[in-house]
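A.B. asks: Structure incoming, see below.
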Amino acid sequence: MVADKERAGARRLRAGIVKEERKTVCPLDCPDSCGMVATVEDGRIVSLRGDRDHPFTRGFICRKMRRYIERVYTEDRLLYPQVRTGAKGDGRFSRIGWDEAWDILTTRLAAVVNRHGGEAVLPYSYAGNMGVVNRFAGHAFFYRLGALRLDETICFAAAGAAWARHCGTAPGSPPEVAADAELIVAWGINIKVTNVHFWPLVAEARQKGGRLLVIDPYRNATGRAADRFVAVKPGGDAALALGLIKFLVEDDRLDRAMLERQTIGFERLEGYLRGTPWQEFTTASGVGRTEMAELARTLHRNSGTFFRIGVGLTRNSRGGMAVRAILSLAAVLGLFQGGPGRGVLLSTLAFRGNRDRLQFPELAEHRTPIVNMIQLGQALTVRQPAIRALFVYNANPLSACSDARTVRRGLCRDDLFTVVHDQVMTPTARYADLLLPATTFLENRDLYTAYGHFHLGVVDPVIPPQGEAISNFDLFQTLARKMGFAEAPFRQTVDARITGFLQDMEGLPADIPAAGPTAGTWLQSTRGGRNGGLFAGNDGRFVFSADHGPEEPPFACLTKPGEFGDPDLRSRFPFKLLIPPHPDLLNSTFGERYAGEHGTVLIHPEDAATAGAGEGDLVRIENHRGRIVRRARLSRDTQRGLLVAEGLFWPVEPDDGGINDLSSQKLSDMGGGATFHESRVAIARL
Ligand SMILES: Nc1nc2c(c(=O)[nH]1)N[C@H]1C(S)=C(S)[C@@H](COP(=O)(O)OP(=O)(O)OC[C@H]3O[C@@H](n4cnc5c(=O)[nH]c(N)nc54)[C@H](O)[C@@H]3O)O[C@H]1N2
Ligand SMILES: Nc1nc2c(c(=O)[nH]1)N[C@H]1C(S)=C(S)[C@@H](COP(=O)(O)OP(=O)(O)OC[C@H]3O[C@@H](n4cnc5c(=O)[nH]c(N)nc54)[C@H](O)[C@@H]3O)O[C@H]1N2
Ligand code: SF4
Ligand SMILES: [Mo]
6 MVADKERAGA RRLRAGIVKE ERKTVCPLDC PDSCGMVATV EDGRIVSLRG
56 DRDHPFTRGF ICRKMRRYIE RVYTEDRLLY PQVRTGAKGD GRFSRIGWDE
106 AWDILTTRLA AVVNRHGGEA VLPYSYAGNM GVVNRFAGHA FFYRLGALRL
156 DETICFAAAG AAWARHCGTA PGSPPEVAAD AELIVAWGIN IKVTNVHFWP
206 LVAEARQKGG RLLVIDPYRN ATGRAADRFV AVKPGGDAAL ALGLIKFLVE
256 DDRLDRAMLE RQTIGFERLE GYLRGTPWQE FTTASGVGRT EMAELARTLH
306 RNSGTFFRIG VGLTRNSRGG MAVRAILSLA AVLGLFQGGP GRGVLLSTLA
356 FRGNRDRLQF PELAEHRTPI VNMIQLGQAL TVRQPAIRAL FVYNANPLSA
406 CSDARTVRRG LCRDDLFTVV HDQVMTPTAR YADLLLPATT FLENRDLYTA
456 YGHFHLGVVD PVIPPQGEAI SNFDLFQTLA RKMGFAEAPF RQTVDARITG
506 FLQDMEGLPA DIPAAGPTAG TWLQSTRGGR NGGLFAGNDG RFVFSADHGP
556 EEPPFACLTK PGEFGDPDLR SRFPFKLLIP PHPDLLNSTF GERYAGEHGT
606 VLIHPEDAAT AGAGEGDLVR IENHRGRIVR RARLSRDTQR GLLVAEGLFW
656 PVEPDDGGIN DLSSQKLSDM GGGATFHESR VAIARL
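Counting from 1 along the sequence shown, just add 5 to a position and that's the residue number in my numbering.
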């Protein structure tokens, strides 16, 4: 075999063609972490496709990534360092060499630290690249510098906190279990858009007679393809889940022996549910009593039920509680016991590594204050003492952060030194003083885990860095040395960082080589067996109620809405707005492909008539935070009073905002998460 390959390689060489296939992994912030194969011809990638050998993603990739080569070789790619020459936001820059770039970077950062202290520097990064080395590449540097700390709350904070309350550190069920389910419940997740490799499992379950139920405020792509759709009020999930438990309690459909054996504290929840009138659950959820009762019977009838819970439903003031209530319902149904088709998946948590081995918090001399990343606007505009240097990498906050208009106001400050490290000229990059070119994942070696399946892999670069681009890792290792930081983490290689992280990782099979897995092979987590029960923590039991201090209810219960319930705002801004993901964008990534596109807003036909808007009309959506323009799409897939604007499209005009101009810096009820799906707005035809 090897000899054959070598002969074939030699033949190609003689013919002047060097064509090779190299394995890689999609680095985007998506649960699927697809295995990919890049074909390289004469040092250039000519095709990118799914890797058939990947145990979960099995050979297909989504339509966003099929065109990724364009991003690698586009003329619009940032390939060398640049300094701003126009006004902030203008997007005018001129090219400089790396020597000058390092000089500006070290001089300006040192000047800020010397004059104002390390706490005048804010790093801002998230998961533009999910490789563990590159995602966390800057943390060591900023700890050592004494910079402010960023609370990375924008995505999973509320969901994670809610899961931990009841399930401790237990992983979610392996998604493959769903293939045997009689009933799959997609709760606040748009599987066909944000978790496309879960869909084949849905198809398999349906072939065996299973059904798909979608619970969402609007009939999203997954809802349109489902066997049943339940339109919940935005933020009404806790009410729905608790109403379902109340029905099971009152109808005596509980497995008391199982609850006794496998759970703790159900009696307090039961007492609360019995004592709370039905109407409170039906009003807050928008699901009537008859429908709720029928739904409860369906859940009770199907022992093989799989809950696929999204993080979308947590992006509001009751989001943590929504997850708590849904998990409590799952526990009442016994879904945590495992068994054919039975399971609960929010995030797989398949491998638990010690992030300190990537971030090195011990390099900090003392604990500096924390800034919640969702409140970047506030941090840049009103925080005292003021932030003087902002370092953005792996993120595009002007598009993806809430209340983006305030972020923009902050980025305009003349006394703020802004560095942006990215691959393309994002809306945030336009405000940089110093713009640095980043490699793509195809130019990096890294380790990728996943939050939608149970496999990890290490991959090598497919091509060398393009132009003068450098990886996050090389950027911060070099910068640290140039700033005179000599500690061991700054001398590590990528390999050393990977092996350090793997060292005591939970979930790794026992027999992997000390140097880590071979590039291009996949390791399956040992956490959570295929049909096994889930509970490792909490004495192996589900905790319905426990004392969490005065701030947090002991068990899942009804709580008050935030902005949606505000009477003043309600009178001025009668519509509720959701801003969920779009199939062609990954958060704001790929926005450059759709320059000039406003994106659409879904509006119920009866609401459109009141607003005077017809199909395809440009409409202005506004509130007390900002205003933006979208194109109206009239549809009964949304509820009356509810607008849905999919996708973080980039601004059409430089001074325009993106859709996050409308969202709020208010936090969710748990974990300091975002409230992207809880903005009140008004709408009018342009
Ligand atoms: N194509 C594409 N894929 C993506 C992304 C993308 O931008 N584009 N983003 C990636 C990232 S970073 C993440 S975190 C995941 C997120 O993926 P998901 O977990 O699917 O979460 P979202 O897509 O944010 O929201 C999913 C659904 O939640 C619904 N929702 C909003 N509010 C409520 C509510 O109160 N109750 C209920 N029941 N539903 C509600 C929305 O209407 C939407 O249909 O997707 C990843 N995948
Ligand atoms: N309204 C609303 N807002 C949302 C959401 C929503 O559902 N609704 N979703 C939220 C969620 S779930 C998330 S996770 C956040 C995500 O917010 P961000 O993490 O800011 O994600 P992106 O907008 O995709 O921006 C990632 C940036 O990283 C860059 N990048 C990619 N790879 C690298 C690299 O190797 N190095 C460097 N330096 N840069 C790189 C990309 O080019 C891109 O510009 O957005 C949140 N914002
Ligand atoms: S974005 Fe998600 S589905 Fe698309 S290739 Fe990447 S990991 Fe796969
Ligand atoms: Mo996310």
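Don't be surprised by glycine CBs; every beta carbon is placed ideally from N, CA and C. Given the structure is predicted, the values throughout are model-derived calculations rather than measurements.
Buried or exposed: which applies to S673, given that a residue is buried once 16 or more other Cβ atoms fall within 10 Å of its Cβ?
C.D. replies: Looking at its Cβ environment, which holds 16 or more other Cβ atoms inside 10 Å, S673 is buried.
A.B. asks: Within 10 angstroms of the Cβ of I375, are there 16 or more other Cβ atoms? Answer buried if so, exposed if not.
C.D. replies: I375 is exposed by the Cβ-count criterion.
A.B. asks: Would F271 pass as a contact of V349 if the rule is Cβ separation under 9 Å?
C.D. replies: no
A.B. asks: Measure the alpha-carbon distance for L300 versus E568 and round it to whole angstroms.
C.D. replies: 29 Å
A.B. asks: Relative to the C-alpha of T281, which residue among F252, R261, D260 and R258 is closest?
C.D. replies: It is F252.
A.B. asks: Flag this pair as yes or no: are the beta carbons of D34 and L591 separated by less than 9 Å?
C.D. replies: yes
A.B. asks: To which residues of the same chain is F234 closer than 6 Å at the C-beta, ignoring the five residues directly before and after it?
C.D. replies: V219, R224 and G228
A.B. asks: Beta-carbon within less than 8 Å of L504's beta-carbon, same chain only, minus the 5 sequence neighbours each way: which residues are those?
C.D. replies: According to the sequence shown, residue 504 is Thr rather than Leu. Cβ within range, chain order: A519, A520 and G521.
A.B. asks: In whole angstroms, what separates the C-alpha of G48 from that of V23?
C.D. replies: 8 Å
A.B. asks: Report all residues from its chain with a CB closer than 8 Å to the CB of A115; omit the five preceding and five following residues, and keep chain order.
C.D. replies: M488, listed in sequence order.
A.B. asks: Rank E683, D660 and K671 by C-alpha distance to the C-alpha of K93 and give the top, closest one.
C.D. replies: D660
A.B. asks: Hey, out of Q529, G240, F161 and Q342, whose CA is closest to A262's CA?
C.D. replies: Q342
A.B. asks: Given a threshold of 16 other Cβ atoms within 10 Å of its Cβ, counted over all protein chains shown, does G358 qualify as buried or as exposed?
C.D. replies: Buried, by the Cβ-count rule.
A.B. asks: Would you call Q389 buried or exposed, if buried means 16 or more other Cβ atoms sit within 10 Å of its Cβ?
C.D. replies: Q389 is exposed by the Cβ-count criterion.
A.B. asks: Any idea if H553 is buried or exposed, counting beta-carbon neighbours within 10 angstroms, 16 or more meaning buried?
C.D. replies: exposed
A.B. asks: Helix, strand or coil: how does DSSP classify R641 here?
C.D. replies: coil
A.B. asks: From what residue to what residue does the alpha helix (DSSP H) around G64 run?
C.D. replies: Neither: G64 is in no alpha helix (DSSP H) and is coded neither H nor E.
A.B. asks: Looking only at its own chain, which residues have a Cβ that is under 6 Å from the Cβ of T431, when we skip the five neighbours before and after it?
C.D. replies: N401
A.B. asks: For R575 versus N628, is the C-beta spacing smaller than 9 Å?
C.D. replies: Not closer than 9 Å, so no.
A.B. asks: Work out the CA separation of P128 and A616 for me, nearest whole Å.
C.D. replies: If I take the Cα positions, the gap works out to 42 Å.
A.B. asks: Taking 8 Å as the cut-off, is the beta-carbon of V201 closer than that to any non-hydrogen atom of ligand 3?
C.D. replies: Flag set: Cβ of V201 near ligand 3.
A.B. asks: Among all the DSSP beta bridges, which residues are the ones paired with G40?
C.D. replies: V30
A.B. asks: Give me the Cα-Cα distance between R63 and F578, rounded to the nearest whole angstrom.
C.D. replies: 46 Å
A.B. asks: Short of 8 Å in beta carbon distance, which residues of its chain neighbour C417, apart from the five on each side in sequence? Order them along the chain.
C.D. replies: K93, G94 and Y436
A.B. asks: Around the Cβ of G472, are there at least 16 other Cβ atoms within 10 angstroms (buried) or fewer (exposed)?
C.D. replies: exposed
A.B. asks: Which whole-angstrom value is the C-beta distance of N477 and N399, which I expect to be below 8 Å?
C.D. replies: 6 Å
A.B. asks: What number of angstroms, rounded off, separates the C-alpha of M6 from the C-alpha of E25?
C.D. replies: Confidence at M6 is low in this model, with a pLDDT of 45, below 50, so its placement is unreliable and no value can be given for it.
A.B. asks: Ligand 2 heavy atoms versus the CB of C31: any closer than 8 Å?
C.D. replies: no
A.B. asks: Any contact of the stretch 150-158 with the stretch 303-319, i.e. 3+ C-beta pairs under 8 Å?
C.D. replies: no
A.B. asks: Rounding to the nearest angstrom, what Cα-Cα distance links V45 and L447 in this structure?
C.D. replies: 11 Å
A.B. asks: So what does L350 bridge to, in DSSP terms?
C.D. replies: R313
A.B. asks: Compare the C-alpha of R329 against each of A384, G240 and L395 and name the closest.
C.D. replies: When only C-alpha atoms are compared, the closest one is G240.
A.B. asks: Going by beta carbon distance, what residues of the same chain come within less than 6 Å of S52, once the five residues before and after it are set aside?
C.D. replies: The beta carbon of S52 sits closer than 6 Å to the beta carbons of T44 from its chain, once the five residues preceding and following it are set aside; these are given in chain order.
A.B. asks: Check whether the stretch 621-637 and the stretch 450-458 are in contact - that is, three or more C-beta pairs closer than 8 Å.
C.D. replies: no
A.B. asks: How big is the Cα-Cα spacing for I517 and F654?
C.D. replies: Those two C-alpha atoms are separated by around 43 Å.
A.B. asks: Rank E370, F595, R413 and R532 by C-alpha distance to the C-alpha of R630 and give the top, closest one.
C.D. replies: R413
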